[in-house]
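What follows is a set of notes on a single structure, which appears directly below.
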Amino acid sequence: MSSNDRKYRRSPRIPLLPQKHYDYEPFEVGFSGASFSGAVFNLSTTIVGAGIMALPSTVKQLGLIPGIIMIALGAMLTESSIDMILRFGKASKSATYSGVVADTFGGLGRTLTQVCIVINNLGMLIVYMIIIGDVLAGTSSDGVRHSGVMEKWGSALLYFTFCLAAANHASCVRSSHFIQTHSLRYTSALSVGLAIVFVAITAGVAIVKLIEGSIRMPRLVPELNDQASFWKLFTVIPVLVTAYICHHNIHPIENELKDPTQMKSIVRTSLTLCSSVYIATSLFGVLLFGDQTLDDVLANFDGDLGIPCSSLLDDVVRVSYGIHLMLVFPIVFFSLRLNLDGLLFPYAIPIAYDNRRFFSITAALMGFIFVGANFVPNIWDAFQFTGATAAIAVGFIFPAAIALRPKATKTGKDRSGGQSALTHKTKLIGLRTKKRERPGEPEGQRSASSSTYC
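The sequence shown begins at 1 in UniProt numbering and counts up by one.
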């Protein structure tokens, strides 16, 4: 490496990417900072991924009232934990999540944070691949075959899918030239719009059938027939935890804002939007499918919904959400690649200026995600693992531990808030059952064809 390059070698305390357009060199001509709306869309896209598919099954298991309360509580706890890392990041002048943890716990804390982010994001991207494969090629549940749209549309859809997949993977490579999260604002906006389309169609069908009197009122509270049914309630905890994890993208988004003081409003707006989508999806999904709600509610949209144009609506719902996940993929992959690079090459120049390292890490991660999606049987297994381990650490344990750590920058109020938050998080960990039962009907192994098209 030349002497000119060595001066750009970074300390692990600084951001993995330049913070603004004038750091090192501009990425986007005329870029003076990210907008409020672009940041909201990017953060909302980070949150609303695959969690929306598993939450209806969660509400079915908990009952309508406790389920909705838990979704709202998850949003409030997430806002509190994000506020902690923003406040202490500002106090320590750290511009990354791992840097905030490192300021309190040193290099070991930084490494542990990056490991947890990598595990969490890998798990989520594997879930996205599984759902995309199930949408296109179909899946099997309890011996029942749920067909994919590719089985209906044939070679035309195969070509369409190839184009979408190529565009999706190209967007991961595209960020080597548009390395800021702000460059993904348009795809993020489209992704959020497609999620809202899914919610709107589900709500419309449920309301029509409710007016016709063809669906029954779901359970308002859980059924507790024996001790096993009681412990099975706690298997929903990992899904609820994973549904709101966006902490790994908080600092990259904040670093690009024109006005960083807007970050709290951005977080609140995004969480309000996402929790509303979650509640609406869970409510209308359970109303529509009742006890037949699957772990992946998207698989329910493969038969007759009992209304006109049912087949068309099924295809619109599944294809739109498949495209939604393809558009979510780059924003989550963005953070995964940065943290893995920071973990493996902590003292190297920023990855934005090393194309060989950038493409090598990208190719390795894409290959691992594809293989993982073919070997993980269903999304619930991935949710159980990531939600019970890395997600709860990234979302709740690390922020609470930072607030509890006695440092000069922390006030008594901060420590009190951290203590309260840590208490909630510790309870969640304690409630994690070792049973591998799932809230929905036991889901069988996905078909070989599903794995093929993942």
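Each residue gets a CB set at the ideal place from its N, CA and C atoms; glycine is no exception.
For clarity, every value in this text was computed on a predicted model and none was experimentally measured.
Buried versus exposed, by CB contacts within 10 Å (16 or more), residue i
i, result
"A363", "exposed"
"residue 456", "The question about residue 456 has no answer here: the residues shown for the chain are numbered 1 through 454."
"G303", "exposed"
"residue 488", "Outside the modelled stretch of the chain, which goes from 1 to 454, sits residue 488, for which no answer is possible."
"I369", "buried"
"residue 456", "Residue 456 falls outside the range modelled here, since the chain spans only 1 to 454, and no answer is possible."
"P56", "buried"
"G395", "buried"
"G418", "Because G418 carries a pLDDT of 48, less than 50, the predicted location of this residue cannot be relied on, and no value is offered for it."
"S275", "buried"
"residue 467", "Outside the shown range of the chain (1 to 454) lies residue 467, about which nothing can therefore be said."
"P399", "buried"
"G107", "exposed"
"I402", "buried"
For residue i: DSSP bridge partner residues
i, result
"L257", "A34"
Collapsed DSSP secondary structure at residue i in the structure displayed
i, result
"T96", "coil"
"E223", "coil"
"L55", "helix"
"D82", "Checking the sequence shown, residue 82 turns out to be Ile, not Asp. Reduced to three states, the DSSP call for I82 is helix."
"Y321", "helix"
"R185", "helix"
"F345", "coil"
"M217", "coil"
"F105", "helix"
"L336", "helix"
"residue 456", "Only positions 1 to 454 of the chain appear in the structure, and residue 456 is not among them; the question remains open."
"residue 468", "Beyond the ends of the chain as shown, which are 1 and 454, falls residue 468; an answer cannot be given."
"residue 507", "In this structure the chain extends from 1 to 454, so residue 507 is not present and cannot be described."
"P350", "coil"
"C309", "coil"
"F368", "helix"
"L294", "coil"
"V48", "coil"
"T389", "coil"
"G123", "helix"
"R405", "coil"
"G285", "helix"
6 Å CB neighbourhood of residue i in its chain, flanking five on each side removed
i, result
"G38", "H182, R185"
"L343", "Q114"
"A34", "H182, E256, L257"
"Q384", "P238"
"E254", "P260, M263"
"M366", "none"
Nonlocal neighbours in the same chain, by C-beta distance under 8 Å from residue i, ignoring five residues either side
i, result
"K264", "D83, L86"
"V277", "V48, I52, A195, I196, V199"
"V192", "F41, S44, T45, V48, L273"
7 Å CB neighbourhood of residue i in its chain, flanking five on each side removed
i, result
"L62", "M70, P222, L233, V236"
"G285", "P56, T202, T293, V297"
"V376", "I126, I130, A382"
Which runs of the beta strand (DSSP E) spanning at least 3 residues fall entirely within the segment 190 to 217, listed in chain order? none
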